[in-house]
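Have a look at the structure below before the remarks.
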Amino acid sequence: MSGADDATRVEENRRRAREQLKQLAAKKPIAATPASVRDASTRDATVSQSANRESPTKRRLGDYIEFDLTRLHNSRGGFLVEESNDELEALEERRKERERELQRMRDQMEPGISLDPSTRPVCESCGTTDIIFDPFQRVFGVFVCRPCERANPERYSLLTKTEVKDDYLLTDAELGDQELLPHLLKRNPHKSTYSSMMLFMRGQVEAYAFSEAKWKSPEGLDAEYERRQAEKSRKRVKRFNEGLDRLRKSTIRSNVWQARQDAEHSGPQLITHLPDASADALKTFEEIPACIYQSARMGRIRGHDDPACECSLANGIAYACTDEANCINRLTQVECMPDVCACRKHCKNQRFQRCEYAPVDIVHMPKKGFGLRAAMDLEADTFVYEYIGDVVNHETFLRRMHQYKEEHIEHFYFMMLQKDEYIDATRRGARSRFINHSCNPNCYVSKWHVGKQVRMGIFTKRTIVAGEELTFNYNVDRYGNDPQECHCGEPNCVGTIGGRTQTDIVTMDDLYIEALGIAEEVARIRATLPRGKRSKVLDEDYNPVLHPMTEPEAPRVVTAMRQACSNRNILKKLLTRVTLTDDVSAHKSMVKLHGFVVMSDVLHEWAHDAEIVTLALECLRRWPLLARDKALDSGVEAAVREYAAGAVEFEGKADEAHISEAASALVAGWEKLSTTLRIARREALEDASFDADASFSWTERRRAAAAQLAQKEEAAEDAAIQLREALLAYRNQEEARAEVPKAPSPNKPAPKAEPAKPTVSLEDIIRKANEEEERRRIEAQERAEQEKAAAEAAAKAEAEALAERKRQRKEAEAERKRRRLSGTKDKPKPERKESESTAHLERQLQKMVGAIVVKHMSKVKDRIARDRFKRHARELTSIICAKEMKNPRTWPPPRGKSGHREIQEFSDEKRAKIKRFAHEYTKKLLKHHKKPEKDAKEESAHGSPEGGDTTVDVSLSFAASPGGPDTEALSPMSDGSAAYSPASRTASPSASP
């Protein structure tokens, strides 16, 4: 249907509707009977009122507007009414008429065409008469043709007002002068409501800018531009400094009252008026000299490194292993060992071992209870006391906390030693348990490595005067029950004790702040946060900006990593800072400062944390090594090999492929390095031969002895030359100390030439040592190859057995299917099933017993050769398993709910019996199997001969007892477990211990 038909139909419908409305309006009411005249009149009045009253719809919509829907056009943004073609044509005609009118006006302004060449305008560049009249001639007064205008943009291109101001530094007044700089006004293309654009010709702008009236030359323009840039920079810096001053003044004004309060309480809190209460305090607990460990493996460090420092007595006894001597061990919080340190009895870094405690008094304070008071002035970083108590695991820690809470013990004495290891000084401990809390403490807690143990010490944070109370921050280092009210009385008191551990950044240890390099950021936070609202915490939400560390910061970073080994957040940020560092000298310092031992602890504590392990491997990749010793001795290489083999399972999501690849690359790089020859240090030196001017190391003592020998044999020139050749590598260092040889006196006869003493040169010593080391390496390689071949054979046999079991399983499954189809009930052979079940139970028992045996015998692993250790561990496991299976009350184990026999976990009593059995076995093994080192090496390389001493001894110890092999069997316990019976040991001395 066309549009005209639609319009006709619409008009017809409207006409009909209007006619119907007129008829309804003119229609008269229907006549009514006399009886209902009143009702009819009432009804007519109601109808007329309804007709006159406006409806709600009409009032809401207003007057009726007619639309021709056929002319609406959907513009996607609304409906528009299409105009008719006649109207569009009229508009187009009017537009064209306006254009023609404008053209007529322009023609009147343009010069007429003249046939006289002398009167016609020409192009100022090429001389052609085909010039551009609009806008160049009309606005700028320039005659130029189109080709020249396009070929010379440096003269005829148009510039905007902004470009002229930025490039030529002209002012608005100059640009607004039409006579000085003609410009063309053009409608703004961005928006019609904006002001018109001002366009200038480049040639005219440059002519004015480089004239004598303005900048005189391009060089003058450049100079003015540089001057303005410098002025802008100066003003910018000035504004920044002014803002900084305003911020500083506002901060000072906001903290004026707090500063006054701090000034009033800045002095030490002296408690000299309180009497000594040591007698009463010592009755409240049991004082012990050292920590008591729940198990022998607690409190042990994981890695091992050379504990020797580089200190010597060359600068005097007063500087032996002190902070002034930059002792490596002291910087990294490691104590020197008496049998290793060159300073021996003069070493100042053995405070834990010598119990060099500060003099303190125990006093009773009104609100705090007992506390410690300094009995004399103490310098900063003075060792006050060791924190001593029971070292327990995490389960015992939780149980004791609950127990103390039920017993209403108000004061708590737990402190974290390592991950899942805590010191409990509640019932047993030392006087350090009485040191109270303070939000502004004068002491701090630090972990030190003493030999193979981790110990906790309390040190002074600043200079302390006599009579001042000793305090440290519980919120950082101690663990307890519910938060308690704090009575420290310091201006920055947070109000409570406990409930937090190393989280608040405003109370965080300064060691971590300096190690992370965020001292300025923390100072700003502490200055800006108001008192009572310092709730910014160092957690996942707080991510400080970390920067690479420098070489002087390496000791602080290593020390902080030792302290924060159990704090994941701080440890992660410390490792991240190490990975950001590219300075090789800083990484060398970390290796020198026992960094591999620290990394061994990290890999042990967070072995299943993929993020920490990835950061640790990246740190190890950046650390330079010249030899393989540090990676081997610290145990890092063994841990990295486990990651390379994919033997460690991670918690949560982890990129195991990336970790394995990084670990494999590390191991491959370390395997290329060689192990250095280590000449053992002297176990002990005679006091009479110990000189204060002695050198630090055994190597330097060798050099000094060689120098003295050279002075004694000055007369024998040949011997001196031979000695100098032997000590060629050390000669340059000895020239400064060597004395000038004195000429023989002419009055005395020349001494008789004594025969040269047979001397062994240093090269011979090193050569023999290298040969010995090479021989050991070859033997170790042969043993490794033999073990590898044995392992391959065992793996092959295991694979064959597995294939055989699979084949038998498939055959049995096929047989069962065949019987099921034939209607016969499937009954497996009882002998075969019983034999397989028994073998499985025996293997399970060997695994459970072997784990306990190996764990117990590992304590003496260093005193037994590796092969011998493995052989005796297997033999002891077999003996215990055999004795266990001989007991009819415990073997075979009872059937479980599933109908299969299952070995239950050993009870604590049974584990203790097995440990005692293994302990006696180990003692007898160490007593009866001490062989020379050479025999031990031969046994390790070639194995024990048939009927050798080891086999005979073991058999005599455990089988040849008077009571027979069952005399020392694990006797059955009431719970069905086996216990070791010492009856035979007491009856017969030759029996097993």
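Be aware that the sequence shown starts at 397, since it is given in our numbering, and climbs by one per residue. The beta-carbon is built from N, C-alpha and C at its ideal position, and this holds for glycine as well.
- For D1263, no beta strand (DSSP E) run applies; the uninterrupted alpha helix (DSSP H) run containing it begins and ends at R1262 to K1282, by DSSP.
- Excluding the 5 residues flanking it on each side, V846 has same chain C-beta neighbours closer than 7 Å at E731, F748 and Q749, in chain order.
- Two segments are said to touch when three or more pairs of C-beta atoms, one from each, lie closer than 8 Å; by this definition the stretch 817-828 does not touch the stretch 719-729.
- In the three-state scheme derived from DSSP, where H, G and I count as helix and E and B as strand, Q665 is classed as coil.
- Of the residues P755, P1020 and H833, the one whose Cα lies closest to the Cα of V980 is P1020.
- A residue is called buried once 16 or more other Cβ atoms fall within 10 Å of its Cβ, and S1030 is buried on that count.
- By the Cβ-count criterion, S613 is exposed, with fewer than 16 other Cβ atoms from all chains shown falling within 10 Å of its own Cβ.
- Excluding sequence positions up to five before and after A605, its CB lies within less than 8 Å of the CB of Y564, L565, L566, W611 and L617, all in the same chain and listed in chain order.
- Counting along the chain, G765 sits inside no alpha helix (DSSP H); it lies in the beta strand (DSSP E) bounded by residues G765 to A770.
- Inter-residue distance for L907 and S708 is about 28 Å (C-alpha atoms, whole angstroms).
- Between the stretch 804-816 and the stretch 847-855, the count of Cβ pairs shorter than 8 Å is three or higher; the stretches touch.
- Look at the beta carbons and you see the stretch 542-559 touching the stretch 517-534: at least three pairs across the two are nearer than 8 Å.
- Taking C-beta atoms as the reference points, I724 and Y783 fail to come closer than 9 Å.
- In the three-state DSSP reduction, C687 falls in the coil class, being neither helix nor strand.
- Counting other Cβ atoms within 10 Å of its Cβ, V941 stays below 16 and is therefore classed as exposed.
- Residues of the same chain with a CB within less than 7 Å of the CB of K557, apart from the 5 flanking positions on each side, are L571 and M594 in chain order.
- The stretch 584-658 is shown to contain whole alpha helix (DSSP H) runs of 4 or more residues at 598-605 and 614-650, in chain order.
- M761 and Q799 have their C-alpha atoms roughly 26 Å apart.
- The closest CA to that of N888, considering only P837, A915, R920 and A911, is found on P837.
- Taking K634 as the centre and dropping the five residues before and after it, the same chain places no C-beta closer than 6 Å to its C-beta.
- Rounded to whole angstroms, the gap between the alpha carbons of C839 and S1254 is 39 Å.
- Judged by DSSP in its simplified three-state form, D482 adopts helix.
- In the displayed model, D773 falls within coil according to three-state DSSP, outside both helix and strand.
- Secondary structure of I528 (DSSP, three-state): coil.
- Sixteen is the threshold: since fewer than 16 other Cβ atoms of the shown chains lie within 10 Å of the Cβ of G523, the residue is exposed.
- S1070 counts as exposed, since fewer than 16 other C-beta atoms from the protein chains shown sit within 10 angstroms of its C-beta.
- Three or more Cβ pairs closer than 8 Å define a contact, and the stretch 575-591 falls short of that threshold against the stretch 635-642.
- Residue pairing by DSSP places T867 opposite N832 in a beta bridge.
- Rounded to whole angstroms, the gap between the alpha carbons of Q1177 and A1053 is 30 Å.
- Here E791 carries a helix assignment [DSSP, helix/strand/coil].
- No Cβ-Cβ contact shorter than 9 Å links R1171 with D1263.
- Under DSSP, no beta-bridge partner is assigned to G523.
- At a Cβ-Cβ threshold of 9 Å, F868 and H833 count as neighbours.
- DSSP places I1299 in the coil class of the three-state scheme, outside both helix and strand.
- Taking C-beta atoms as the reference points, E886 and C835 count as a pair closer than 9 Å.
- D563: not part of any beta strand (DSSP E); member of the alpha helix (DSSP H) spanning K557 to Y564, first to last residue.
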